[in-house]
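*Asks:*
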Amino acid sequence: MKIATWNVNSIRTRLNQVLDWMNQTKPNVLCIQETKVNDSLFPIESFTKQGYKVSFYGQKAYNGVAIISSSSINDVRFGFEGELNKEQVSEKIRNQKRVISALINDIRIVNLYVPNGSEVNSEKFFYKLEWLECLYKYLNVLGQRNEPLCIVGDFNIALEARDIYNPTRLEGGIMASNQERKALSKALGNDLKDVFRIFESNSKHWSWWNYRTGAWDRDHGWRIDHIYLSQELIDQAQSCLINKETRGNEKPSDHAPVICEIAWPPSPNEIEEDSFLLY
DNA sequence: ATGTCGAAATCGTTTCGA
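Position one of the first sequence corresponds to residue 150 (this note's numbering), numbered consecutively onward.
#1: Could you give the DSSP three-state label for N351: helix, strand or coil?
#2: Quick check: the Cα distance between C409 and V290, rounded to an integer number of angstroms?
#3: Would you mind sorting L284 into buried or exposed? The rule is 16 or more other CB atoms within 10 Å of its CB.
#4: Pull up the DSSP beta-bridge partners for G231, would you.
#5: Candidates P264, G200, S159 and S416: which alpha carbon is nearest A332's?
#6: With distances taken Cα to Cα, identify the nearest neighbour of R367 among C180, R396 and L281.
#7: At which residues does the alpha helix (DSSP H) containing W170 begin and terminate?
#8: Going by the CB atoms, is the gap between S189 and P297 shorter than 9 Å?
#9: Buried or exposed: which applies to K185, given that a residue is buried once 16 or more other Cβ atoms fall within 10 Å of its Cβ?
#10: Distance, Cα to Cα, S195 vs V238?
#11: What would DSSP say about D340, mapped onto helix, strand or coil?
#12: Here's a check: name, in chain order, each residue in its chain whose Cβ is nearer than 8 Å to the Cβ of Y377, leaving out the five neighbours to either side.
#13: Report yes or no: do the segment 153-170 and the segment 231-245 share at least 3 C-beta pairs separated by less than 8 Å?
#14: Count the other CB atoms, across all protein chains shown, that sit within 10 Å of the CB of M150; report buried if there are 16 or more and exposed otherwise.
#15: Would you say R198 and S221 are within 9 Å of each other, going by their C-beta atoms?
#16: Please confirm whether V407 and W155 have their CB atoms less than 9 Å apart.
#17: Considering only C-alpha positions, which residue in the set T162, G213 and G200 is nearest to L261?
#18: Excluding sequence positions up to five away, which residues of its chain have a Cβ less than 7 Å from the Cβ of D312?
#19: Less than 8 Å between C-beta atoms, sequence neighbours within five positions excluded: which residues of the same chain meet that for P417?
#20: Where do the N-terminal and C-terminal ends of the beta strand (DSSP E) with L378 fall, by residue?
#21: Using three-state DSSP, classify K209 as helix, strand or coil.
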């Protein structure tokens, strides 16, 4: 099973690039962020024509998330309020459409667009920290349900020095501050693992290059798009790659897709071996 | 400090967010 995440920076502007990439890559599930479109204007048919189902949670101009899947999409939940009660999610958090989740092949897929935060200690920065505290509560609820978890998205945070092209200069700044890193690490807890780091420990693997400053040409990138898996899925993970070539397209998104492959559902053989190990 | 994008409103240039 191939699960991918991609911040497309407007699904309508990027539609043909996304369809081309899907045609080449054939993901089972593609989670997209920054769709920047009202639900009534989402280009549903472009995906259903290719045999995919689609669920979305969007708004005009900003934000917006969607799940596109070849298997049926079940128990779709919108926003943090899909799991938390109203007192736990403030109105300003509810107003930005950044969270959608669903059960697909018995995996709870969560698609996130974490706020950018603008500058450390700005109003938007504190919004980001509040949002991450909500994420912590949200993932706590999910963790109690015994579903295999796959949390993907644009996290707008590089958790480690090796995830940034110039850590000396950039650590401590937005997307690499201690406050953001601590808040995200707390939200993720101990069970969820960044599947990319299971297969690749070196630096210089990026998923985002700023449109400004010739970042792509200089390879000045950040790895801020992640796929986190709970243990039973990590055990079945086979690969995790960043398709950076899409960043070289004409009129590209500033983000590249990240895709992981998981042997799922596990073969009957493996299930037997697992139960044997219990004895 | 700034570069470039995408979308919306103020409709052709400006503003916001990233």
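In this text, a Cβ means the ideal position worked out from N, Cα and C, and glycines have one as well.
Since the structure is predicted, the reported quantities are computational estimates derived from the model, not experimental observations.
*Replies:* Let me lay it out:
#1: coil
#2: 25 Å
#3: With 16 or more Cβ atoms within 10 Å of its Cβ, L284 is classed as buried.
#4: The partner list for G231 (beta bridge, DSSP) is empty, contrary to what the question assumes.
#5: P264
#6: R396
#7: I160 to T174
#8: no
#9: Burial call: buried.
#10: 34 Å
#11: coil
#12: The beta carbon of Y377 sits closer than 8 Å to the beta carbons of L298, C299, I300, V301, L337, L341, K342, D343 and V344 from its chain, once the five residues preceding and following it are set aside; these are given in chain order.
#13: Under the three-pair Cβ rule at 8 Å, the segment 153-170 does not count as touching the segment 231-245.
#14: buried
#15: Here residue 198 turns out to be Lys, not Arg, going by the sequence shown. Against a cut-off of 9 Å, the Cβ pair of S221 and K198 comes out as no contact.
#16: yes
#17: G213
#18: W371 and R372
#19: none
#20: D374 to L378
#21: coil
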